[in-house]
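Visitor:
Numbering (the numbering used here), first residue to last: 187 to 281.
1) Please go through the same chain and pick out, in chain order, the residues whose beta-carbon is closer than 8 Å to the beta-carbon of residue 251, but skip the five residues on each side of it.
2) If I follow the unbroken alpha helix (DSSP H) through residue 246, where does it start and stop?
3) Tell me which same chain residues have a C-beta within less than 7 Å of the C-beta of residue 226, skipping the five on either side of it?
4) Given this structure, state the Cα-to-Cα distance separating residue 201 from residue 207, to the nearest angstrom.
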């Protein structure tokens with residue numbers, strides 16, 4: 187049984203080594219083709235004027251936005267109440 191194990195291990199190792207040697211020899215025989223040089227730009231793209239300055243794009247009238255109440259800061263009182271286990275009433279909706 188042990189001789190079969192040695193033969194199997196030797197076969198696997200030998201085949202792996204043989205494949206590495208054959209691939210290396212193939213790479214050495216067929217050197218990589220020289221890389222193609224990067225393409226160069228023949229001429230630069232023309233600089234076009236901004237459409238707003240030429241008048242082709244116009245800005246229409248802007249509708250006034252409704253000023254709503256801004257919330258600044260964080261509601262620490264509500265957070266503290268939640269951490270204490272109190273369930274405060276939900277905030278009422280303004281109509």
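Note that beta-carbon positions come from the ideal geometry of N, C-alpha and C, so glycine has one too. If you're wondering where the values come from, they're calculated on a predicted model, not measured in any experiment.
Guide: To lay it out plainly:
1) none
2) That residue, residue 246, is in no alpha helix (DSSP H); it is neither H nor E in DSSP.
3) none
4) 10 Å
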